[in-house]
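Heads up: the structure comes next, in structure tokens.
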């Protein structure tokens with residue numbers, strides 16, 4: 020079809036639409052016979068450009084040393100102070116001056132009793148203890164070195180920072196220190212580990 024005919028059809032369609040828009044009555048649809056229009060120019064075939072060879076860049080140096088990462092974890096004392104379930108333990112630690120041990124360089128392992136564990140004690144027990152007795156009880160919950168749960172599970176006995184022995188019992192996935200069940204293990208700190 021030539022260009023003249025295309026222009027004529029386009030003008031007639033525009034006029035028909037213009038007239039239809041000007042009338043207030045509902046227009047009757049008119050069928051427009053299909054016209055055979057030539058396809059646009061064929062699309063060009065995509066060309067495959069050669070892929071660039073990856074350049075091997077040197078790996079970046081780690082931005083933080085492992086020691087820096089451990090410092091970000093906070094000390095055993097920091098972790099205990101930040102967690103409400105240890106508020107009674109933290110009060111006892113502060114009352115005895117053992118906060119320097121929990122904040123110190125370590126490494127230490129703390130078997131940390133929660134507030135729920137303290138609640139199981141007979142009423143008034145904590146208040147009746149002298150500072151020395153409370154210190155001994157707290158040190159009984161500390162072991163020198165960072166002892167992860169895998170190592171604890173391999174023990175039959177251990178020795179606390181107080182110098183007293185404790186027993187370790189493993190039954191399936193349950194680990195008990197004396198009569199206390201470990202409910203959460205391997206809370207890592209910059210100066211050791213906490214088992215709850």
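In the working numbering, the protein residues as written are 20 to 215. In this text, a Cβ means the ideal position worked out from N, Cα and C, and glycines have one as well.
C-alpha gap between residue 160 and residue 210, whole angstroms: Here residue 160 refers to the residue found at position 141 of the chain shown. Here residue 210 refers to the residue found at position 191 of the chain shown. Cα-Cα distance, rounded: 16 Å.
From residue 98 to residue 155, what does the alpha carbon distance come to, in whole angstroms? Stepping through the chain shown from its first residue, residue 98 is reached at position 79. Stepping through the chain shown from its first residue, residue 155 is reached at position 136. Their Cα atoms are separated by approximately 22 Å.
Is residue 184 near residue 193, with beta carbons less than 8 Å apart? In the chain shown, the residue the question calls residue 184 occupies position 165. In the chain shown, the residue the question calls residue 193 occupies position 174. Going by C-beta atoms, residue 184 is not nearer than 8 Å to residue 193.
If we call anything under 8 Å between Cβ atoms a contact, is residue 215 one with residue 201? Reading the chain shown from its first residue, position 196 is the one you call residue 215. Reading the chain shown from its first residue, position 182 is the one you call residue 201. In this structure, residue 201 lies closer than 8 Å to residue 215 by Cβ.
Beta-carbon gap between residue 92 and residue 207 smaller than 8 Å: By 1-based counting over the chain shown, the position of residue 92 is 73. By 1-based counting over the chain shown, the position of residue 207 is 188. Going by C-beta atoms, residue 92 is nearer than 8 Å to residue 207.
What whole-angstrom Cβ distance do residue 157 and residue 128 have, given they're in contact under 8 Å? Position 138 of the chain shown, counted from the first residue, corresponds to residue 157. Position 109 of the chain shown, counted from the first residue, corresponds to residue 128. Incorrect: roughly 13 Å between the Cβ atoms, too far for contact.
Near residue 143, which residues of its chain fall below 8 Å by C-beta distance, leaving aside the five closest residues on each side in sequence? Counted from its first residue, the chain shown places residue 143 at position 124. Result list for residue 143: empty, nothing under 8 Å.
So, residue 176 versus residue 186, is the Cβ gap smaller than 8 Å? To locate residue 176, count along the chain shown from 1; it is residue 157. To locate residue 186, count along the chain shown from 1; it is residue 167. Contact flag set, yes.
Express the C-alpha separation of residue 103 and residue 181 in angstroms, rounding to a whole number. Reading the chain shown from its first residue, position 162 is the one you call residue 181. Reading the chain shown from its first residue, position 84 is the one you call residue 103. If you take the alpha carbons of residue 181 and residue 103, they lie about 26 Å apart.
Can you give me the Cβ contacts of residue 168 inside the same chain, cut-off strictly under 8 Å, excluding the 5 residues immediately before and after it? Reading the chain shown from its first residue, position 149 is the one you call residue 168. The answer, listed in chain order, is 194, 201, 204, 205, 214.
Rounded to the nearest angstrom, what separates residue 111 and residue 191 at their Cα positions? Here the question's residue 111 lines up with position 92 in the chain shown. Here the question's residue 191 lines up with position 172 in the chain shown. Rounded to the nearest angstrom, the two C-alpha atoms are 33 Å apart.
Enumerate in chain order the residues of its own chain whose CB-to-CB distance from residue 123 is below 6 Å, with the five nearest sequence positions on each side excluded. Residue mapping note: residue 123 aligns to position 104 of the chain shown, counting from 1. The answer is none, since no qualifying residue turns up.
Inter-residue spacing [alpha-carbon to alpha-carbon] between residue 174 and residue 125: The residue you call residue 174 lines up with position 155 of the chain shown. The residue you call residue 125 lines up with position 106 of the chain shown. Looking at the backbone, the Cα of residue 174 and that of residue 125 are separated by about 21 Å.
For residue 83, I'd like the list of residues in its chain whose CB is within less than 6 Å of its CB, leaving aside the five on either flank, ordered along the chain. For the purposes of this step, residue 83 is taken as residue 64 along the chain shown, with counting starting at 1. Note on residue 83: pLDDT 48, under 50, position unreliable in the model; the coordinate value appears next. Result list for residue 83: empty, nothing under 6 Å.
Roughly how many angstroms separate the alpha carbons of residue 138 and residue 100, rounded to a whole number? Counted from its first residue, the chain shown places residue 138 at position 119. Counted from its first residue, the chain shown places residue 100 at position 81. Going from the Cα of residue 138 to the Cα of residue 100 covers about 18 Å.
Closer than 7 Å by C-beta to residue 33: which residues in its own chain qualify, once you throw out the five before and the five after it? Chain order, please. Within the chain shown, the letter at position 14 stands for residue 33. For residue 33, the predicted model reports a pLDDT of 47, less than 50, meaning its position is unreliable; a value from the coordinates is still stated below. Excluding sequence positions up to five before and after residue 33, its CB lies less than 7 Å from no other CB in the same chain.
How would you call residue 119, buried or exposed, if buried means at least 16 neighbouring beta carbons within 10 angstroms? Sequence index remark: in the chain shown, residue 119 carries index 100 (1-based). By the neighbour-count rule (16 or more Cβ atoms within 10 Å), residue 119 is not buried but exposed.
By how many angstroms is the C-alpha of residue 199 removed from the C-alpha of residue 133? For the purposes of this step, residue 133 is identified with residue 114 of the chain shown, where counting begins at 1. For the purposes of this step, residue 199 is identified with residue 180 of the chain shown, where counting begins at 1. Looking at the two C-alpha atoms, the distance is approximately 11 Å.
Label residue 131 either buried or exposed according to how many other C-beta atoms from any shown protein chain fall within 10 Å of its C-beta, with 16 as the threshold for buried. Taking the chain shown and counting its residues from 1, one reaches residue 131 at position 112. Under this definition residue 131 is a buried residue.
Closer than 6 Å by C-beta to residue 224: which residues in its own chain qualify, once you throw out the five before and the five after it? Chain order, please. In the structure displayed, the chain extends from 20 to 215; residue 224 sits before or after that span and is not available.
Mapping DSSP to helix, strand and coil, what is residue 128? On the chain shown, residue 128 is found 109 positions in, with the first residue counted as 1. Three-state DSSP puts residue 128 in a strand.
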